[in-house]
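Taking the working numbering as reference, the numbering of the sequence shown is continuous, increasing by one, and the terminal residue is 131. A virtual CB, placed ideally from N, CA and C, is assigned to each residue, including glycine. In this text the structure is predicted, and so the values were computed from the model without any measurement. Here the structure is laid out as structure tokens; the discussion comes afterwards.
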Amino acid sequence: MATLKVGLVSPEREMWSGDAKMVVAQTIEGSLGILPGHAPVLGVLLDGSVVKIEPADGGEPITAMVGSGFFSVAGNEVSVLAEQAELSHEVDVAAAKRALEAAQASGDEDGTAERRALARLRAAGVEA
Numbered sequence: 004m005a006t007l008k009v010g011l012v013s014p015e016r017e018m019w020s021g022d023a024k025m026v027v028a029q030t031i032e033g034s035l036g037i038l039p040g041h042a043p044v045l046g047v048l049l050d051g052s053v054v055k056i057e058p059a060d061g062g063e064p065i066t067a068m069v070g071s072g073f074f075s076v077a078g079n080e081v082s083v084l085a086e087q088a089e090l091s092h093e094v095d096v097a098a099a100k101r102a103l104e105a106a107q108a109s110g111d112e113d114g115t116a117e118r119r120a121l122a123r124l125r126a127a128g129v130e131a
């Protein structure tokens with residue numbers, strides 16, 4: 004069975020790497036589902052979105068909130084290079100809810116803070 008070699012990294016650290024069956028990411032041009040054998044792609048990640056990785060070993064799916072960054076696919080290798088990233092199990096749900104309330108109260112002009120707070124909650128599997 005063909006797999007993808009996947010790396011999810013932020014400036015602070017490598018968040019996850021390994022073999023995967025599938026990766027789903029949101030770019031500024033739309034949502035992409037990547038399977039082995041996918042054509043080469045280079046995209047800009049949608050700031051405040053969620054990336055999902057289905058590990059090849061059948062383990063729990065990896066879900067992460069990502070800030071802006073890049074997504075590339077070449078030769079069954081997928082790189083997710085995020086300016087900011089947080090894995091689902093690392094999300095402090097109470098802090099994310101407070102950040103969402105603060106962003107909504109402040110009238111966050113470009114919506115970045117609100118999108119990122121919502122993405123953190125989605126990654127953690129929590130409804131806003």
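Excluding sequence positions up to five before and after Met25, its CB lies within less than 6 angstroms of the CB of Leu38 and Glu57, all in the same chain and listed in chain order. When Cβ pairs closer than 8 angstroms are counted between the two stretches, the region 102–109 is seen not to touch the region 40–53, the count staying below three. Rounded to whole angstroms, the gap between the alpha carbons of Thr66 and Ser52 is 11 angstroms.
Counting only the Cα atoms, Gly21 lies some 12 angstroms from Gly62. Separation of the CB atoms of Trp19 and Leu11 is rounded to 5 angstroms, and the pair is thereby assigned contact status at 8 angstroms.
In this chain, the alpha helix (DSSP H) harbouring Glu117 covers Thr115 to Ala126.
In the DSSP assignment, the residues bridged to Met25 are Glu57. The three-state secondary structure of Ser52, taken from DSSP, is strand.
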